[in-house]
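Taking it in order: structure first as structure tokens, then the write-up.
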Amino acid sequence: MSAPVQVWSRRTVLGGLFAGAASAAGAEALLRSPIPVSRPEDLRRRVETAWMVDRAGLSGKVAFALADASTGEILQVRNPLLGLPPASVAKAITAIYALETLGQDHRFATRVIATGPVENGRLDGDLVLVGGGDPTLDTDMLGDLAAQMKAAGLREVRGRFLYHAGALPRLPLIDPTQPPHVGYNPAISGLNLNFNRVHFEWRRAGAGYDVTMDARAERYAPRVNVAHMQVVNRTAPVYTYSSKGGVDEWTVAQGALGSGGARWLPVRRPAVYCAEVFQTLARSHGIVLPAPEDADVAPRGTVLAENHSPPLAAVLRDMLKYSTNMTAEAVGLSATLARGAAVASLPDSAQAMSAWLAGRTGTHKARFVDHSGLGDGSRISAIEMVRALVAVAPSGQLRELLKPVYLRDAKGQPLRNHPVRIKAKTGTLNFVSALAGYITPATGRELAFAIFTADMDRRATLSLDERDRPEGGRNWVARSRRLQRELVEAWATGAV
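Heads up: the sequence shown is residues 5 to 500, going by my numbering.
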């Protein structure tokens, strides 16, 4: 799920800092022992953070760890070994995994291949749209591929129009526990388009509504047949989904529509979606293609058109900024396959990433069920997260990809030139909130931190319908984020 860049206000830590029980704090180097050892001089630090946690009044569990990013020395902890869901903070681990496996300059390719010769504008063979798992492919890029075909002289195809999506396993969704209509839980395949979402728009027309389902980008917005919408006279549920004849069949409650609006809905058959849109765009360039057919085997032939994604580092920067789940799953799956592992599901690939993390940092208890953090079955402790951040701190690759977080002045304006620099990744699920990253205080001593909060008992009681906007969920997350702000400010400004 995406989240805007945050700006945090600077707060004063008030009195009464020695009230309450102290939690364990650490002093041993991270690489020597994951279990911190207390030091007498850490007492004030332990009590101050306990006071902050008590004031937050959060139900559930709170865990955090703070370390020197250069040495791994543990400076502060609370429940350091407690495994909690990382939510989208998992994307930071996925980014490291992908960078170290594929390389920061890796690009995903989408190609149009001719299996026969092109003579006098006529292809005597099949035309094949071949996906490389690119998570950034959009409708405008498909339009550019169609334009390249035209520029290459293609006018007619005598054979079939095929599509091949075997670069990645075909998965109908990321997390089966999510409501069916949320756009951040799409399918994954070797051919992806518009983050595997379709644009649904409605406008009141007399006593009813005009609705459209299209694959819009900036320059093109072709309508699609792979997804249908029907407005139904009811108040709830807002959406229903079914698959009939290979088509995503949606219904929407008329009582929820108002006068008009739009939203993105997930696509369950992205390869077909991509092929259908490409067929439409090719027609707009004068190239009429037959109905698309699935190709089980990657074809051989001449490349007529080709699109490359931005370098992986740029793809990951956007993934971390906008928290795009589909991107995380595509790059995570690609990294696992590049390592030679057999992958039939997201948990398979996530397990491979967990094993890689254990070998890379010695964190043997972290377990992931996906690469995006959308599934709440993933577990990692604050100390394990900090260990990973410390391990990659020398290269600076992850730090440069994380989004900046700013302190604010007394008027609420972001202090963009403040000597304290904070780069972090947020994560949010219902009754789960996480934050992890780096702090560079004015002293220049870089710190690595992780803060996890979760009320799993409360989360477990939610029905499927309640998971979209659960009662009390927004307030719980707001209090968790306030605690995160106070902790990070204290660490950044030397208040503890």
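Backbone N, C-alpha and C define an ideal beta-carbon position, used for all residues, glycine too. Note that the structure is a prediction, hence the values are computed from the model and not measured.
When DSSP labels each residue in this structure, what does residue i get in the three-state scheme?
i: Asp-461; result: helix
i: Gly-137; result: coil
i: Arg-420; result: coil
i: Glu-160; result: strand
i: Gln-182; result: coil
i: Arg-36; result: Its pLDDT being 32, under 50, Arg-36 is placed unreliably in this model, and the coordinates cannot settle the point.
i: Asn-311; result: strand
i: Thr-75; result: coil
i: Phe-204; result: strand
i: Val-256; result: strand
i: Met-402; result: First, the residue type needs correcting, since residue 402 is Leu and not Met in the sequence shown. Leu-402: helix per DSSP, three-state reduction.
i: Ser-501; result: Outside the shown range of the chain (5 to 500) lies residue 501, about which nothing can therefore be said.
i: Val-481; result: helix
i: Tyr-442; result: strand
i: Gln-108; result: coil
i: Asp-58; result: helix
i: Gly-367; result: According to the sequence shown, residue 367 is Thr rather than Gly. Coil, per DSSP.
i: Leu-269; result: strand
i: Gly-336; result: helix
i: Ala-31; result: The pLDDT assigned to Ala-31 is 27, lower than 50, so where the model puts this residue is not dependable, and the model offers no usable value.
i: Arg-304; result: coil
i: Tyr-101; result: helix
i: Lys-154; result: helix
i: Lys-429; result: strand
i: Phe-502; result: Residue 502 falls outside the range modelled here, since the chain spans only 5 to 500, and no answer is possible.
i: Asp-322; result: helix
i: Pro-89; result: coil
i: Lys-95; result: helix
i: Gln-10; result: Because Gln-10 sits at a pLDDT of 35, beneath the cut-off of 50, its placement in the model cannot be relied upon, and the following sentence gives the value as read from the coordinates. Coil.
i: Thr-239; result: coil
Are the beta-carbon atoms belonging to residue i and residue j less than 8 Å from one another?
i: Val-132; j: His-185; result: no
i: Phe-453; j: Ala-438; result: no
i: Leu-405; j: Ala-99; result: yes
i: Ile-178; j: Ser-376; result: yes
i: Leu-320; j: Val-307; result: no
i: Leu-285; j: Phe-165; result: no
i: Leu-466; j: Pro-474; result: yes
i: Ala-407; j: Ser-385; result: With the sequence shown as reference, residue 407 is identified as Lys, and Ala is not the correct amino acid for it. No, Cβ-Cβ distance for Lys-407 and Ser-385 is not below 8 Å.
i: Ser-74; j: Ala-317; result: no
i: Ala-69; j: Glu-77; result: no
i: Arg-201; j: Val-271; result: yes
i: Pro-89; j: Arg-383; result: yes
i: Glu-493; j: Leu-419; result: no
i: Asn-83; j: Leu-141; result: no
i: Ala-356; j: Arg-343; result: yes
i: Asp-461; j: Pro-183; result: no
i: Thr-447; j: Arg-425; result: no
Please report the Cβ distance between residue i and residue j, rounded to the nearest whole angstrom; I am assuming they are in contact, meaning their Cβ atoms lie under 8 Å.
i: Arg-207; j: Tyr-213; result: 7 Å
i: Ala-309; j: Val-116; result: 4 Å
i: Gly-147; j: Ala-113; result: With 8 Å as the limit, Gly-147 and Ala-113 do not qualify as a contact, their Cβ atoms being about 17 Å apart.
i: Glu-470; j: Met-56; result: So it is not a contact: roughly 30 Å between Cβ atoms.
i: Phe-199; j: Thr-328; result: 6 Å
Compare the Cα-Cα distances from residue i to each of the options and report the closest residue.
i: Arg-273; options: His-110, Val-236, Ala-231 and Ala-359; result: Ala-231
i: Arg-174; options: Thr-98, Asp-144, Ala-266 and Ala-275; result: Ala-275
i: Ala-191; options: Glu-123, Ser-385, Glu-333 and Ala-392; result: Glu-333
i: Val-436; options: Arg-485, Thr-255 and Glu-52; result: Arg-485
i: Leu-103; options: Leu-402, Arg-449, Ala-225 and Thr-444; result: Leu-402
i: Gly-498; options: Gln-234, Pro-423, Leu-195 and Ala-299; result: Pro-423
i: Ala-94; options: Ala-392, Ala-113 and Gly-476; result: Ala-392
i: Ser-313; options: Pro-139, Val-409 and Pro-241; result: Pro-139
i: Gln-108; options: Tyr-188, Pro-315 and Trp-480; result: Pro-315
i: Ala-458; options: Leu-433, Arg-449 and Val-235; result: Leu-433
i: Arg-267; options: Asp-298, Arg-420, His-289 and Val-242; result: Val-242
i: Ser-63; options: Arg-463, Asp-142, Glu-470 and Arg-159; result: Arg-463
i: Ala-395; options: Arg-364, Val-256 and Trp-360; result: Arg-364
i: Leu-79; options: Ala-151, Ile-387 and Ala-362; result: Ile-387
i: Thr-3; options: Ser-288, Gly-264, Thr-340 and Thr-216; result: Given that the chain is displayed from residue 5 to residue 500, the structure contains no residue 3 and the question cannot be resolved.
i: Ser-92; options: Glu-450, Thr-430 and Ile-291; result: Thr-430
i: Leu-172; options: Ser-193, Arg-162, Leu-158 and Gly-249; result: Ser-193
Verify the CB distance criterion: does residue i have a CB-CB separation below 8 Å to chain B?
i: Ala-428; result: Annotation note: the requested chain B is absent from the structure, which comprises a single protein chain.
When you measure from the CB of residue i to every non-hydrogen atom of the ligand ADP, does any distance come out below 7 Å?
i: Leu-405; result: Of ligands this structure carries none, so the ligand ADP is not represented either.
State buried or exposed for residue i, treating a residue as buried only when at least 16 other CB atoms are found within 10 Å of its CB.
i: Ser-37; result: Interpretation of Ser-37 is limited by its pLDDT of 32, a score under 50 that renders its predicted location unreliable; no figure is taken from the coordinates.
i: Val-301; result: exposed
i: Leu-468; result: exposed
i: Ala-482; result: exposed
i: Met-330; result: buried
i: Val-236; result: exposed
i: Gln-417; result: exposed
i: Glu-297; result: exposed
i: Met-145; result: buried
i: Thr-367; result: buried
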